[in-house]
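Its first residue numbered 103, the sequence shown is counted upward by one per residue in the working numbering.
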Amino acid sequence: MCVIVDANVASLLFRREPDCDFLPVFQWLQDPRRDGCLVFGGQLAEELRRVRGGRGYLLQLNRAGRARRIPDAEVGSEERCVLGTGLCRSDDPHIIALARASGARTLCSHDHSLHVDFKNLRLISKPKGKVYQSRTHSGLLTHTTSCGLLRGRR
Ligand SMILES: [Zn+2]
């Protein structure tokens with residue numbers, strides 16, 4: 103699954119020496135022998151650019167072909183659907199919308215109400231959303247059928 107990085111943990115990843123819990127994410131995105139991909143777009147694109155080092159990091163990933171931007175309009179219309187369900191407990195419907203629009207199913211975040219929404223099968227399914235919080239979760243750094251980047255399958 104492509105990864106979505108919430109603005110609340112971006113500063114742990116977007117630096118020369120990432121936090122040890124986010125080093126696996128950093129390596130998955132940087133290592134040329136691996137196939138990590140960061141997904142962003144809509145309100146999250148703005149939020150990530152405001153994080154120190156965010157603008158440069160996104161640019162670098164983009165140049166390396168390791169970032170995928172979902173058009174704001176797509177995220178926005180999905181966000182209206184998400185809000186329409188009335189199921190969102192967090193104040194981050196734009197992140198749920200990004201997962202639905204992109205097919206990404208791994209989220210890096212420390213926001214517990216967002217974790218609940220991200221794992222809610224009525225909001226995100228096929229497959230279920232997973233939350234990465236520490237280096238013990240490095241097994242979550244893979245692609246899924248939903249994101250279209252699964253190796254050897256389209
Ligand atoms: Zn993927």
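For each residue, glycine too, the CB sits at the ideal point set by N, CA and C.
Practice problem: Indicate whether at least one CB of chain C lies closer than 8 Å to the CB of Leu-200. | Solution: Among the protein chains of the structure shown there is no chain C, as only one such chain exists.
Exercise. Note down the Cα distance separating Arg-182 from Arg-237, rounded to an integer number of angstroms.
Key: The residue labelled residue 182 in the question sits at position 80 within the sequence shown. The residue labelled residue 237 in the question sits at position 135 within the sequence shown. Going by the C-alpha atoms only, they are around 34 Å apart.
Self-check item: Backbone CA spacing between Pro-120 and Glu-148 [nearest angstrom]
Solution: Counting from one through the sequence shown, the residue named residue 120 turns up at place 18. Counting from one through the sequence shown, the residue named residue 148 turns up at place 46. When rounded, the distance between both Cα atoms is 21 Å.
Quiz item: Measuring CA to CA, which of Arg-117, Ser-227, Lys-230 is closest to Arg-154?
Solution: In the sequence shown, the residue the question calls residue 154 occupies position 52. Of Arg-117, Ser-227, Lys-230, the residue nearest in Cα terms is Arg-117.
Exercise. Could you tell me the distance, in whole angstroms, from the CA atom of Asn-110 to the CA atom of Gly-143?
Key: Start at 1 with the first residue of the sequence shown, and residue 110 comes out as number 8. Start at 1 with the first residue of the sequence shown, and residue 143 comes out as number 41. Between Asn-110 and Gly-143, the C-alpha separation is close to 16 Å.
Quiz item: Any idea which residues DSSP pairs Tyr-234 with across the strands?
Solution: Start at 1 with the first residue of the sequence shown, and residue 234 comes out as number 132. Paired residue(s): Cys-210.
Quiz item: Of all the options Leu-200, Phe-124, Ser-227, Leu-216, which has the alpha carbon lying nearest to the alpha carbon of Arg-170?
Solution: Here residue 170 is taken as the residue at index 68 of the sequence shown, counted from 1. The shortest Cα separation from Arg-170 among Leu-200, Phe-124, Ser-227, Leu-216 belongs to Leu-200.
Exercise. Would you mind listing the alpha helix (DSSP H) stretches within the stretch 148-190 that are 4+ residues and don't spill past its ends, in chain order?
Key: Runs of the alpha helix (DSSP H) lying entirely within the stretch 148-190 and spanning at least 4 residues, in chain order: 156-165, 174-187.
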